[in-house]
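Asker: Sequences listed follow chains B and Y, in order. Residues -16 to 74 (the working numbering) are what the first sequence spells out, left to right. Residues 17 to 299 (the working numbering) are what the second sequence spells out, left to right. Ideal Cβ placement from N, Cα and C applies to all residues, glycine included.
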Amino acid sequence: MSKQTTPLPANKALEQFFLEARCKLLDVAAILDRVNRGQEAGEVLANDPRIERIRKALEVMHDQSGGRAERIQQIFSLEYDSGWEKPKPRY
Amino acid sequence: MNYIDPHIHMISRVTDDYHRMALSGCAAISEPAFWAGFDRGSVDGFRDYFRHLTEVEPKRAALYGIRHYSWLCINAKEAENVELSRGVIQMIPEFLDKPNVLGIGEIGLNKNTKNEATIFQEHVDLAMKTNELILIHTPHLEDKYKGTRMIIDMLKNDRRVNPERVLIDHVEEHTVRHALDNGFWCAMTLYPITKCTPQRAADIIEMVGTDRIMANSAGDWGKSDPLAVPELILELKRRGHPDSAIRKLVYENPLAFWRMSNRWQEWPVEETAPVKKKEKARV
Ligand SMILES: [Zn+2]
């Protein structure tokens, strides 16, 4: 199979996954509501980095230029520094 | 469709799982050495574990017609204990003549620490001296991207390493191209909450193709599904992927990678000649 093969036509994909998308969006919405509802019992601060990441991920969801799953993965990833001190191979 | 699950920890699964995997078309599996859920206290603890992997599980699998292979190492979590790790690495060659051992694995990083990197490199040193295949675990969740990049840095920093003999496991959307573009094999783990769903794995295949990539369940003592590979087969079929592409992903690719192992023995071709009748006793 060559690269970029998507046998599923867009109209069929929407047909097949519409209810799943609806369900997962509702799940996320309900999780956010759950967090808000519990603020009395034990608070989450506005600057909690996890909240910030969820907000950024929701922004990516609005952007239609593609690669959204990968970009959201990056939001939830620690930064990498190529200058880290590597162990030496023993030849 | 027959399939191979190239990463599953059967030591943590019940016999019923072997039964259901066999019913679902599982032809073979490979079991990497991993963390038992607690830190082991001695090299002898690992020696017993390796005996379990190389002697006990192949027999248990054979009862269901499943071929069982294994990979040996001390996992990244316990690699934090450098002294114990060095003892285990020294002991591994005792098992490198066992017929079902495919290579060194699953080595890798967990929290991307200095000790983990040191022990990762020492495993690579062993694999290079003994010419073994390597199976690599990449970290979970927020550590994955950084850890995968660090692992690739170490492999590229070692001129002995041939990427075609190395598999980088648990790739996801943000790491799969780093593995493939550097010439390594890779695998997606179908482990719904922390790794990849069958749907997202199918999406990844649609984005990168089917060369040098495979899928596994990584079934273990955590919440996982030993029938995850058949779930992916079903998802790909529902989307209209051809059987030839699916078979390449779930059967031919893992087999092609395993075939490069030092001790590989070809599976016998199915007997087609008629079996000679012997006289049977009647009781
Ligand atoms: Zn594993």
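Expressed to the nearest angstrom, what Euclidean distance is found between the alpha-carbon atoms of Pro179/Y and Lys211/Y?
Answerer: Sequence index remark: in the second sequence, residue 179/Y carries index 163 (1-based). Sequence index remark: in the second sequence, residue 211/Y carries index 195 (1-based). C-alpha separation (whole angstroms): 24 Å.
Asker: CB Trp274/Y to CB Leu118/Y, shorter than 8 Å?
Answerer: Taking the first residue of the second sequence as position 1, residue 274/Y is located at position 258. Taking the first residue of the second sequence as position 1, residue 118/Y is located at position 102. In contact: Trp274/Y and Leu118/Y (Cβ atoms closer than 8 Å).
Asker: Below 8 Å CB to CB, which residues in the same chain sit around Ala133/Y once its five sequence neighbours on both sides are set aside?
Answerer: Start at 1 with the first residue of the second sequence, and residue 133/Y comes out as number 117. Counting only Cβ-Cβ distances below 8 Å, and skipping sequence neighbours, we find Leu125, Met166, Met170.
Asker: Taking C-beta pairs closer than 7 Å, name the residues in chain Y that Ala13/B reaches, listed in chain order.
Answerer: Sequence index remark: in the first sequence, residue 13/B carries index 30 (1-based). By Cβ distance, chain Y contributes nothing, its closest Cβ being about 17 Å from Ala13/B, past 7 Å.
Asker: Going by Cα to Cα distance, which pick from Leu243/Y, Ala297/Y, Thr226/Y is closest to Ala272/Y?
Answerer: Locating residue 272/Y in the second sequence gives position 256, where the first residue counts as 1. For the residues Leu243/Y, Ala297/Y, Thr226/Y, the minimum Cα distance to Ala272/Y belongs to Thr226/Y.
Asker: Could you work out which residues of chain Y lie near Lys69/B, taking near to mean beta carbons separated by less than 9 Å?
Answerer: By one-based count along the first sequence, residue 69/B stands at place 86. The answer, in chain order, is Ala133, Gln137, Met166, Asp169, Met170, Asn173.
Asker: Whole angstroms is fine: what's the gap from Ser(-15)/B's alpha carbon to Asp46/B's?
Answerer: On the first sequence, position 2 is the one that residue -15/B refers to. On the first sequence, position 63 is the one that residue 46/B refers to. Reliability of the predicted coordinates at Ser(-15)/B is poor, the pLDDT of 46 falling under 50, and the value obtained from them is presented with this limitation in mind. Taking the straight line joining both Cα atoms gives about 27 Å.
Asker: From the DSSP output, read off the bridge partner residues of Pro48/Y.
Answerer: Taking the second sequence and counting its residues from 1, the one referred to as residue 48/Y is at position 32. DSSP, once it has assigned bridges, lists Trp87/Y as partnering Pro48/Y.
Asker: Report all residues from its chain with a CB closer than 7 Å to the CB of Glu68/B; omit the five preceding and five following residues, and keep chain order.
Answerer: Counted from its first residue, the first sequence places residue 68/B at position 85. Closer than 7 Å at the Cβ level, and outside the excluded window around Glu68/B, lies no residue.
Asker: Does any residue of chain B have a CB that is nearer than 8 Å to the CB of Glu188/Y?
Answerer: Looking up residue 188/Y in the second sequence gives position 172. It does: the Cβ of Glu188/Y has a partner Cβ on chain B nearer than 8 Å.
Asker: Where does Val30/Y fall in DSSP's three states?
Answerer: Taking the second sequence and counting its residues from 1, the one referred to as residue 30/Y is at position 14. Note: Val30/Y maps to coil in three-state DSSP.
Asker: When the Cα atoms are used, what is the spatial distance from Asn91/Y to Pro48/Y?
Answerer: Taking the first residue of the second sequence as 1, we reach residue 91/Y at position 75. Taking the first residue of the second sequence as 1, we reach residue 48/Y at position 32. Answer to the nearest angstrom: the Cα atoms are 9 Å apart.
Asker: Within 8 Å (strictly less), CB to CB, does Tyr161/Y reach chain B?
Answerer: By one-based count along the second sequence, residue 161/Y stands at place 145. Yes, Tyr161/Y lies at the interface with chain B (some Cβ there is under 8 Å from its Cβ).
Asker: Indicate whether at least one CB of chain Y lies closer than 8 Å to the CB of Phe1/B.
Answerer: Taking the first residue of the first sequence as position 1, residue 1/B is located at position 18. With 8 Å as the cut-off, Phe1/B does not count as an interface residue toward chain Y.
Asker: Could you check if Ser60/B is buried or exposed, using at least 16 other CB atoms within 10 Å of its CB as the buried criterion?
Answerer: The residue you call residue 60/B lines up with position 77 of the first sequence. The residue is buried, with at least 16 neighbouring Cβ atoms inside 10 Å.
Asker: Can a CB atom of chain B be found closer than 8 Å to the CB of Asp141/Y?
Answerer: For the purposes of this step, residue 141/Y is taken as the residue at position 125 of the second sequence. By this cut-off, Asp141/Y is an interface position.
Asker: Helix, strand or coil for Thr154/Y per DSSP?
Answerer: As a working mapping, residue 154/Y is identified with position 138 in the second sequence. Of the three classes helix, strand and coil, the one that applies to Thr154/Y here is coil, per DSSP.
Asker: Using DSSP with H/G/I as helix, E/B as strand and the rest coil, what is Ala276/Y?
Answerer: Taking the second sequence and counting its residues from 1, the one referred to as residue 276/Y is at position 260. Before going on, a small fix: residue 276/Y reads as Met here, not Ala. Reduced to three states, the DSSP call for Met276/Y is coil.
Asker: So which residues on chain B does Arg216/Y lean against when the C-beta distance must stay under 9 Å?
Answerer: Translated into positions along the second sequence, residue 216/Y becomes position 200. Within chain B, the residues near Arg216/Y are Ala52.
Asker: Who are the neighbours of Arg76/Y on chain B, taking C-beta pairs under 9 Å?
Answerer: Working through the second sequence from its first residue, we reach residue 76/Y at position 60. Going along chain B, no residue has its Cβ under 9 Å from Arg76/Y, so there is no contact; the nearest lies around 35 Å.
Asker: Taking 7 Å as the cut-off, is the CB of Ala13/B close to at least one heavy atom of ligand 1?
Answerer: In the first sequence, residue 13/B corresponds to position 30, counting from 1. It does not: the Cβ of Ala13/B is nowhere closer than 7 Å to a heavy atom of ligand 1.
Asker: How about Glu53/B and Lys162/Y: are their beta carbons less than 8 Å apart?
Answerer: Here residue 53/B refers to the residue found at position 70 when the first sequence is read from its first residue. Here residue 162/Y refers to the residue found at position 146 when the second sequence is read from its first residue. Result no, Cβ atoms of Glu53/B and Lys162/Y do not sit closer than 8 Å.
Asker: Check whether the segment 139 to 155 of chain Y touches the segment 62 to 82 of chain Y, taking contact to mean three or more Cβ pairs, one atom from each stretch, closer than 8 Å.
Answerer: The answer is no - the segment 62 to 82 of chain Y does not touch the segment 139 to 155 of chain Y, with fewer than three Cβ pairs under 8 Å.
Asker: So if I threshold CB-CB distances at 9 Å, which residues from the segment 54 to 65 of chain B count as touching chain Y?
Answerer: Hits within the stretch, in order: Arg54, Ile55, Gln56, Gln57, Phe59, Ser60, Leu61, Glu62, Tyr63, Asp64, Ser65.
Asker: So Ile220/Y and Leu265/Y are supposed to be a Cβ contact under 8 Å. How far apart are they, rounded?
Answerer: In the second sequence, counting from the first residue as 1, residue 220/Y sits at position 204. In the second sequence, counting from the first residue as 1, residue 265/Y sits at position 249. The pair is not a contact, with the Cβ atoms about 11 Å apart (cut-off 8 Å).
Asker: Contact between the segment 101 to 115 of chain Y and the segment 17 to 36 of chain Y: three or more CB pairs below 8 Å?
Answerer: They do not touch, by the three-pair rule.
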